[in-house]
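Notes follow the structure.
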Amino acid sequence: MSGSSPTRRGGFLPIVAVLVAATVGVGCAAISPPTTVGPGETASRGPSAPVTTAAPSPVSSARSPGTSRGDGGLGRRLLLLSGRTGAMHLEVIGDQGERRPIPLPDAGVAWLSTSRDGRALATALDGRTFVSQPLVDGADPEWRPVSTIGLDRRALAGPLAFGTLAPDGAHAAFIAADFASGGAFDVVVLPIASATGPTSPAPGDSTARGVSVTRVRRPAEGAPPAWLGARFVVLARTTADEVGLVIVDPDTGVIDEPPALGRPDPSGALSPADPIAGLSISADGRSAAVASGQDGRVEIYPAGSWRAGAPPIPAAVELRPESDGTRSIAWLALAPDGERLAIVRTSADGGSVGVTIHAASSGWRQDRTIALGAVADRAVVAWLP
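Quick note: the sequence shown uses this note's numbering, first residue 239, plus one each step.
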């Protein structure tokens, strides 16, 4: 998503601005760059700091009248990362709105994602990344650094950012970019060792691949990769400053791009006049939440038909205006079964102000609002079983 988009004007921009500063601070050298690839080409494969904890900040929540509790066992709890740059805090939000603070591996964590079995992946501003065991009620997570053996960090376009676990938790995809330069970026996949022993992945989950690096010859959009089976979707920009989809296969390094930029409209055509401003794909691969860069609407599509460019009429998601009249958003997060959607909302000046919860069972109405603390201006959410 782009700061120039009406949907998130000022929404993603603070996070990307922080990543720009972090990239400049790290000063990654372009030594032995990975193989550069374009559409149809293939790519070659290519000391963590001590784990600390941060105390939670006081926050409050509010439930609107007529709140739906939803149904099913997937996506009943929410992880909420909120605070200010370098001083973030983590909470578990229960189905009834109850809140419990849990420790982070580092107060500099900037991004958070989860797997279908409830493991969490935390990515810090400097590119360090940590993984937890499956989170359970009443227990704090045990964080351990993710191994980067086999990855030449010096060859990357920037520090690792936006770490996103595959649904089965066996791998994580990252964006490595110098967001200030607007140059090419890398999509990095790292294997994630399980602390709980081997699991049986569902069809379409990631396989026993190793480290992979795929370079994309477009500026990074500053958004997380979205897993779609064993591949993933990333948002990138063109020289015309439009947002488009890039489908990356980490096993082959093949990059697939739709024939036109933009987001599919109900007629089945890709409309460059209405670019994508945000995207979330459910862990089961069935649903896609898509935000419009033109008018700020958010809609739910069947993921398969949406990707094929011939989606049916989508389900509209209700976005009530914030107190300052804005409907701007920063992030979308679909629950693993696609039955719930969490949206990080932003104010006119771009600061995160809360999280709204929408459920399929209530027609995607805005059922509940989770408020942030007075000192928090950033927030990221991820669903737990």
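Even glycine gets a Cβ: it sits at the ideal position worked out from N, Cα and C.
Leaving out the 5 sequence neighbours to the left and right, which residues in its chain are closer than 6 Å to Pro-457 when beta-carbon positions are compared? Translated into the one-based positions of the sequence shown, residue 457 becomes position 219. Excluding positions up to five away in sequence, the list reads Gly-420 and Arg-475.
Could you tell me the distance, in whole angstroms, from the CA atom of Ala-598 to the CA atom of Ser-351? Locating residue 598 in the sequence shown gives position 360, where the first residue counts as 1. Locating residue 351 in the sequence shown gives position 113, where the first residue counts as 1. C-alpha separation (whole angstroms): 22 Å.
Give the single residue among His-409, Ala-360 and Arg-603 whose Cα lies nearest to the Cα of Phe-470. The residue you call residue 470 lines up with position 232 of the sequence shown. Out of His-409, Ala-360 and Arg-603, His-409 has the C-alpha closest to the C-alpha of Phe-470.
Where Pro-559 falls, given that 16 or more other Cβ within 10 Å makes a residue buried: Translated into positions along the sequence shown, residue 559 becomes position 321. So Pro-559 ends up on the exposed side.
Counting along the chain, where does the alpha helix (DSSP H) carrying Gly-542 start and finish? For this step, residue 542 is matched to residue 304 along the sequence shown. That run of the alpha helix (DSSP H) goes 541-546.
With Glu-329 as the anchor, note down where its beta strand (DSSP E) starts and where it stops. One-based indexing of the sequence shown puts residue 329 at position 91. 325-331 is the extent of the beta strand (DSSP E) around Glu-329.
Are Ala-612 and Val-593 close, meaning C-beta to C-beta below 8 Å? Counting from one through the sequence shown, the residue named residue 612 turns up at place 374. Counting from one through the sequence shown, the residue named residue 593 turns up at place 355. No, Cβ-Cβ distance for Ala-612 and Val-593 is not below 8 Å.
Give the straight-line distance between the Cα atoms of Ala-395 and Val-472, rounded to the nearest whole angstrom. In the sequence shown, counting from the first residue as 1, residue 395 sits at position 157. In the sequence shown, counting from the first residue as 1, residue 472 sits at position 234. Their Cα atoms are separated by approximately 16 Å.
Whose CA, out of Trp-621, Pro-341 and Val-528, lies closest to the CA of Pro-552? For the purposes of this step, residue 552 is taken as residue 314 along the sequence shown, with counting starting at 1. Ranked by Cα distance from Pro-552, the first of Trp-621, Pro-341 and Val-528 is Val-528.
Paired residues, beta bridge with Ser-561 - DSSP: By one-based count along the sequence shown, residue 561 stands at place 323. Its beta-bridge partners do not exist; DSSP assigns none.
Write down every uninterrupted run of the beta strand (DSSP E) in the region 336-413 whose length is 3 residues or greater and which is fully enclosed by it, in chain order. 337-340, 347-352, 358-362, 367-370, 381-383 and 398-403
Pick out the complete beta strand (DSSP E) segments inside the region 547-608, 3 residues or longer, and give them in chain order. 553-555, 567-572, 578-584 and 590-597
Taking its Cβ as the centre, do 16 or more other Cβ atoms sit within 10 Å of Ser-561, making it buried, or is it exposed? Residue 561 sits at position 323 when you count from the first residue of the sequence shown. With fewer than 16 Cβ atoms within 10 Å of its Cβ, Ser-561 is classed as exposed.
Any idea which residues DSSP pairs Asp-487 with across the strands? Start at 1 with the first residue of the sequence shown, and residue 487 comes out as number 249. Under DSSP, no beta-bridge partner is assigned to Asp-487.
How would you write the range of the beta strand (DSSP E) that Gly-321 sits in, first residue to last? Position 83 of the sequence shown, counted from the start, is the residue given in the question as residue 321. Start and end: 315-322.
Using only the alpha-carbon positions, how far apart do Pro-271 and Trp-465 sit? As a first step, residue 271 must be located in the sequence shown, where it is residue number 33. As a first step, residue 465 must be located in the sequence shown, where it is residue number 227. Low confidence applies here, because Pro-271 scores a pLDDT of 34, under 50, leaving its location unreliable; read the following figure in that light. Looking at the two C-alpha atoms, the distance is approximately 25 Å.
Measuring straight from C-alpha to C-alpha, what distance separates Ser-450 and Gly-542? For the purposes of this step, residue 450 is taken as residue 212 along the sequence shown, with counting starting at 1. For the purposes of this step, residue 542 is taken as residue 304 along the sequence shown, with counting starting at 1. Near 25 Å, if we compare the C-alpha coordinates of Gly-542 and Ser-450.
Assign Phe-417 to one of three DSSP states: helix, strand, or coil. In the sequence shown, residue 417 corresponds to position 179, counting from 1. Residue state, collapsed to three classes: coil.
Simplified DSSP state of Ile-538, which is helix, strand or coil: Against the sequence shown, residue 538 aligns to sequence position 300. Here Ile-538 sits in strand by DSSP.
Any idea if Glu-577 is buried or exposed, counting beta-carbon neighbours within 10 angstroms, 16 or more meaning buried? Start at 1 with the first residue of the sequence shown, and residue 577 comes out as number 339. Counting Cβ neighbours within 10 Å, Glu-577 comes out buried, since at least 16 surround it.
For Ile-430, does the three-state DSSP call read helix, strand or coil? Along the sequence shown, one-based indexing puts residue 430 at 192. Ile-430: coil per DSSP, three-state reduction.
Do Gly-346 and Ala-362 have their C-beta atoms within less than 8 Å of each other? Counted from its first residue, the sequence shown places residue 346 at position 108. Counted from its first residue, the sequence shown places residue 362 at position 124. It is a contact, given that the beta carbons lie within the stated cut-off.
Using a Cβ-Cβ cut-off of 7 Å (strictly less than) and excluding sequence neighbours within five positions of Gly-332, which residues of its own chain qualify? One-based indexing of the sequence shown puts residue 332 at position 94. Here the set comprises Arg-315.
Within this structure, are the beta carbons of Trp-349 and Pro-463 separated by less than 8 Å? For the purposes of this step, residue 349 is taken as residue 111 along the sequence shown, with counting starting at 1. For the purposes of this step, residue 463 is taken as residue 225 along the sequence shown, with counting starting at 1. Not in contact: Trp-349 and Pro-463 (Cβ atoms no closer than 8 Å).
Please report how far the alpha carbon of Arg-382 lies from the alpha carbon of Trp-621, in whole angstroms. The sequence position of residue 382 within the sequence shown is 144, counting from 1. The sequence position of residue 621 within the sequence shown is 383, counting from 1. Roughly 20 Å between the two C-alpha positions.
Assigned secondary structure, Gly-482 (DSSP; H/G/I helix, E/B strand, else coil): Position 244 of the sequence shown, counted from the first residue, corresponds to residue 482. Three-state DSSP puts Gly-482 in a strand.
By the three-class DSSP mapping on this structure, what secondary structure does Met-239 have? Position 1 of the sequence shown, counting from 1, holds the residue named residue 239. Only weak support exists for where Met-239 lies, its pLDDT of 40 falling under 50; the value from the coordinates is given anyway. Looking at Met-239 - three-state DSSP - the assignment turns out to be coil, as it is neither helix nor strand.
Please go through the same chain and pick out, in chain order, the residues whose beta-carbon is closer than 6 Å to the beta-carbon of Ser-518, but skip the five residues on each side of it. The sequence position of residue 518 within the sequence shown is 280, counting from 1. If we look at Ser-518 and ignore the five residues flanking it on each side, its Cβ neighbours are Ala-527, Leu-570, Ala-571 and Leu-572.
Determine the direct distance from the alpha carbon of Thr-584 to that of Thr-564, and round the result to whole angstroms. Taking the sequence shown and counting its residues from 1, one reaches residue 564 at position 326. Taking the sequence shown and counting its residues from 1, one reaches residue 584 at position 346. Whole-angstrom Cα-Cα distance: 8 Å.
Over what stretch of residues does the beta strand (DSSP E) that includes Gly-460 continue unbroken? Within the sequence shown, residue 460 is the residue found at index 222, counting from 1. Counting along the chain, Gly-460 falls outside any beta strand (DSSP E), and DSSP gives it neither H nor E.
Is Asp-364 closer than 8 Å to Pro-341 when the C-beta atoms are compared? Residue numbering aside, residue 341 sits at position 103 when the sequence shown is read from its first letter. Residue numbering aside, residue 364 sits at position 126 when the sequence shown is read from its first letter. Their beta carbons are not under 8 Å apart, which means Pro-341 does not touch Asp-364 by this criterion.
Let me check understanding here. Comparing Cα to Cα, which of Val-486, Arg-337, Val-330 and Val-536 lies closest to Leu-557? Stepping through the sequence shown from its first residue, residue 557 is reached at position 319. The shortest Cα separation from Leu-557 among Val-486, Arg-337, Val-330 and Val-536 belongs to Val-536.
If we count the other Cβ atoms within 10 Å of its Cβ and call it buried at 16 or more, is Asp-416 buried or exposed? As a first step, residue 416 must be located in the sequence shown, where it is residue number 178. Burial call: buried.
Considering only residues of the same chain and omitting the five flanking positions on each side of Pro-540, which have a CB-CB separation below 8 Å? In the sequence shown, counting from the first residue as 1, residue 540 sits at position 302. The answer, listed in chain order, is Arg-524, Ser-525, Ala-526, Pro-549 and Pro-550.
For Ala-586, collect the residues of the same chain with a Cβ closer than 6 Å to its Cβ; drop the 5 residues on either side in sequence, then sort them by chain order. For the purposes of this step, residue 586 is identified with residue 348 of the sequence shown, where counting begins at 1. Asp-562 and Thr-564, listed in sequence order.
Taking the beta carbon of Ile-387 as the centre, do at least 16 other beta carbons fall within 10 Å, making it buried, or is it exposed? Walking along the sequence shown from the start, residue 387 turns up at place 149. Ile-387 is exposed by the Cβ-count criterion.
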